[in-house]
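Enquirer: Okay, handing you the structure first.
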Amino acid sequence: MDSNPSSAETAQKSIYVSSEVTNAAKILVVGHFAVGKTTLIGSLSEITPLRTEEKMTQASVHVDDLRGVTDKTTTTVALDFGRLTLSDDLVLYLFGTPGQQRFMQLWEDMARGALGALLLVDPARLEETFPVIDLVERYGLEYAIAVNCFDPAATYSEAEVREALDLLPDTPVVYCDARDQQSSAMALIALVRHLLERAA
Amino acid sequence: MTTPGEEAPVTSDFVRSYVITGGRDLPSSEELALHTLVTLAPGRTLPLGAGPEVKAIWELCAGGYLSVAEVAGHLGLPVGVARLLLTDLSEQGHLLRRAEPPRAQNVDRATLEKVLNGLQSLIG
Ligand SMILES: Nc1nc2c(ncn2[C@@H]2O[C@H](COP(=O)(O)OP(=O)(O)O)[C@@H](O)[C@H]2O)c(=O)[nH]1
Ligand SMILES: [Mg+2]
Chain A
1 MDSNPSSAET AQKSIYVSSE VTNAAKILVV GHFAVGKTTL IGSLSEITPL RTEEKMTQAS
61 VHVDDLRGVT DKTTTTVALD FGRLTLSDDL VLYLFGTPGQ QRFMQLWEDM ARGALGALLL
121 VDPARLEETF PVIDLVERYG LEYAIAVNCF DPAATYSEAE VREALDLLPD TPVVYCDARD
181 QQSSAMALIA LVRHLLERAA
Chain B
201 MTTPGEEAPV TSDFVRSYVI TGGRDLPSSE ELALHTLVTL APGRTLPLGA GPEVKAIWEL
261 CAGGYLSVAE VAGHLGLPVG VARLLLTDLS EQGHLLRRAE PPRAQNVDRA TLEKVLNGLQ
321 SLIG
């Protein structure tokens, strides 16, 4: 350790996880494009949400491939994430994950060790949620539905959402405003309560 | 920069990744999950011939614990590339890690209860 830290180093300290933290948990925030994933992560995160890329052709980066760099199937996907210190010794990471079927590698990486998934739904675009539900179920992730109401004038009953998405009776459905910290926290609470029930 | 969730065409970054990794296959997330916390072990010396990315990781990780995803995010590296370089450093004994290696089925009641309590303290 530097015994005489510069001011730059002191300022940098704030990016680190507190030294007492011994455990990290992960919850996925999933949903189709523009459903509010980044917004929800931003309203809960204690750090400026970060963004990074995942290569979609991870296992096949060989010299021959470099000649084919214009190949449209070789893509990167950006994922964003935030962090929340939840107790002296535990941090929670929230990872925003797009729902497209072709991002399998990313999903495997995301799902590994995840507690569960909060599945954001725009009730005006319910059909775009089906592929996301397929993916979540394929990876065996427990999930809760958070209906992000963009248009407060339009009302969708829980029963309508349940029926349209063909949900199991015990899958939680909550309404949230992804821009609001408390509302976003309440959606996560519904998910974690559900996870506790399933773990019992 | 790509918008999260959107695809971007392959750029020179792709070639850059290839150079950083020496064309090696990227490791799976089994050992270092996105949320595994890592830091530099005390009293280590930067390996001779470390490239600029390894140097940057070294400096960043000297300051405290960060998740694998945060290391990638702060340094602007693809997650797979950051994981590969962190795996190298870990195998050489330069890294400490926290958070247990992830299990396939993660249903740990104690952790869930802590998460629940923490979230409940956020709402007034
Ligand atoms: N009115 C309203 N707008 C929202 C809400 N959540 C997100 N938005 C907006 O919807 C757009 C897409 O949200 P974003 O979080 O980027 O979606 P993502 O693609 O799922 O990450 C942004 O312009 C947000 O400001 C919400 O609850 N209500
Ligand atoms: Mg987004």
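Protein chains in written order, with our numbering: chain A, 1 to 200; chain B, 201 to 324. Note that the Cβ used here is the ideal one computed from N, Cα and C, for glycine as well. In this text, all values refer to a predicted model and were calculated from it rather than measured experimentally.
Any residues in the stretch 106-118 of chain A with a beta carbon nearer than 8 Å to a beta carbon of chain B? Which ones, in chain order?
Expert: E108, D109, M110, R112, G113, A114 and L115
Enquirer: Would you kindly check if the distance between the Cβ of A:Y143 and the Cβ of A:A178 is under 8 Å?
Expert: Not a contact, by the Cβ cut-off of 8 Å.
Enquirer: For A:D151, count neighbouring C-beta atoms within 10 Å of its own C-beta (all shown protein chains included) and say buried if the count is 16 or more, exposed if not.
Expert: exposed
Enquirer: Is A:T38 near ligand 2, in the sense that its beta carbon is under 7 Å from a heavy atom of that ligand?
Expert: At least one heavy atom of ligand 2 is nearer than 7 Å to the Cβ of A:T38, so yes.
Enquirer: Any beta carbon of chain A sitting closer than 8 Å to that of B:I323?
Expert: yes
Enquirer: Closer than 9 Å by beta-carbon distance: list the chain A residues that pair up with B:E291, in chain order.
Expert: Those within 9 Å of B:E291 in chain A number zero; the least Cβ separation is about 19 Å.
Enquirer: Using 8 Å for Cβ pairs, my map puts A:H32 next to A:V132. What's the rounded Cβ distance?
Expert: 6 Å
Enquirer: Considering just the uninterrupted stretch of the beta strand (DSSP E) at A:P98, what are its terminal residues?
Expert: L90 to P98
Enquirer: At a CB-CB cut-off below 9 Å, which residues of chain A make contact with B:A298?
Expert: Looking at the sequence shown, residue 298 of chain B is not Ala but Arg. Within 9 Å Cβ-Cβ: V17, V21, T22, N23 and A24.
Enquirer: Quick one: list the residues of chain B neighbouring A:M186, beta-carbon separation under 7 Å, in chain order.
Expert: I323
Enquirer: In angstroms, rounded to a whole number, what distance separates the CA positions of B:H294 and B:V315?
Expert: 31 Å
Enquirer: Please compile the residues from chain A whose C-beta is within a distance smaller than 8 Å of the C-beta of B:T311.
Expert: Contact of B:T311 with chain A by beta-carbon distance below 8 Å involves N23, A25, L90 and L115.
Enquirer: Do A:D122 and ligand 3 come close, with the Cβ less than 7 Å from some heavy atom?
Expert: Absent from the structure shown: ligand 3. Ligands present: ligand 1 and ligand 2.
Enquirer: Out of curiosity, what's the CA-to-CA distance linking A:I145 and A:L90?
Expert: 25 Å
Enquirer: Decide if A:M104 is buried, meaning its Cβ has at least 16 other Cβ atoms within 10 Å, or exposed.
Expert: exposed
Enquirer: How about B:V281 and B:T221: do their beta carbons lie closer than 8 Å?
Expert: Cβ distance < 8 Å, so B:V281 and B:T221 count as in contact.
Enquirer: Suppose you measure from the CA of A:G113 to the CA of A:L141; what does that come to, to the nearest Å?
Expert: 10 Å
Enquirer: Looking at the structure shown, is B:R244 part of a helix, part of a strand, or coil, going by DSSP?
Expert: Note: B:R244 maps to coil in three-state DSSP.
Enquirer: Hey, A:V173 and A:E163: beta-carbon distance below 8 Å or not?
Expert: no
Enquirer: I need the DSSP call for A:E128, collapsed to helix, strand or coil.
Expert: helix
Enquirer: Out of B:D288, B:G273 and B:S228, which has the shortest C-alpha to C-alpha gap to B:P247?
Expert: B:D288
Enquirer: Pull up the distance between the alpha-carbon of B:R309 and that of B:S267, whole angstroms please.
Expert: 22 Å
Enquirer: Spell out whether any CB of chain A is found under 8 Å from the CB atom of B:P278.
Expert: yes
Enquirer: Quick one: is B:A256 near chain A, going by C-beta distance under 8 Å?
Expert: no
Enquirer: With a Cβ-Cβ cutoff of 8 Å, do A:L94 and A:I27 count as a contact?
Expert: yes
Enquirer: Helix, strand or coil, according to DSSP, for B:V358 in the structure here?
Expert: What is shown of chain B runs 201 to 324, which leaves residue 358 of chain B out entirely.
Enquirer: Does B:L234 have its Cβ less than 8 Å from a Cβ in chain A?
Expert: Chain A contact via Cβ: present.
Enquirer: What are the boundary residues of the beta strand (DSSP E) that B:R297 is part of?
Expert: B:R297: member of the beta strand (DSSP E) spanning L295 to R298, first to last residue.
Enquirer: With a cut-off of 8 Å, does the C-beta of B:L240 fall near any C-beta of chain A?
Expert: no
Enquirer: For A:C149, does the three-state DSSP call read helix, strand or coil?
Expert: coil
Enquirer: Kindly indicate which three-state DSSP category B:A310 falls into: helix, strand or coil?
Expert: helix
Enquirer: Against chain B, which members of the stretch 115-139 of chain A pass a CB distance test of less than 8 Å?
Expert: Going along the stretch 115-139 of chain A in chain order, one finds L115 with a Cβ nearer than 8 Å to chain B.
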